[in-house]
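Asks:
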Amino acid sequence: MAGQGLMRAFNHVNDDVPDKLKVGLALKEELERAGFVLEWDGTSSQRINVPKFDWKRRYKP
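My numbering puts the sequence shown at residues 218 to 278.
#1: Indicate whether at least one CB of chain D lies closer than 7 Å to the CB of GLY259.
#2: If you drop the 5 nearest sequence neighbours on each side, which residues of the same chain put their C-beta closer than 7 Å to that of TRP257?
#3: CA-CA distance, LYS269 and ASN231?
#4: Sort GLN221, LEU238 and GLY222 by Cα distance to HIS229 and report the nearest one.
#5: Can you give me the Cβ contacts of LEU223 inside the same chain, cut-off strictly under 6 Å, excluding the 5 residues immediately before and after it?
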């Protein structure tokens, strides 16, 4: 929230690496379709980074 972007973790319920990569790729595709620029090396060991995520406060507690 301090200008560091947004890190997205992903996994598969069975912790299977090929299926985990499918989840990561699906997440990547949807984020890019929504117009986000990503930083990700395409492996299951790295989280997907959305470096220019602009946090907004929508309500006051």
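Backbone N, C-alpha and C define an ideal beta-carbon position, used for all residues, glycine too.
Bear in mind the structure is a predicted one, so any value in this text is a computation, not a measurement.
Replies: Judging by the given coordinates:
#1: No chain D is present in this structure, which holds just one protein chain.
#2: Numbered from 1 along the sequence shown, position 40 holds the residue referred to as residue 257. So the qualifying residues of the chain are LYS245, GLN263, ILE265 and ASN266.
#3: In the sequence shown, the residue the question calls residue 269 occupies position 52. In the sequence shown, the residue the question calls residue 231 occupies position 14. Each residue's Cα considered, the two are about 31 Å apart.
#4: In the sequence shown, the residue the question calls residue 229 occupies position 12. Minimum Cα distance to HIS229 is reached at LEU238.
#5: Along the sequence shown, one-based indexing puts residue 223 at 6. Its chain contains VAL267 and PHE270 as the residues whose beta carbon lies nearer than 6 Å to that of LEU223, once the 5 sequence neighbours on both sides are disregarded; these appear in chain order.
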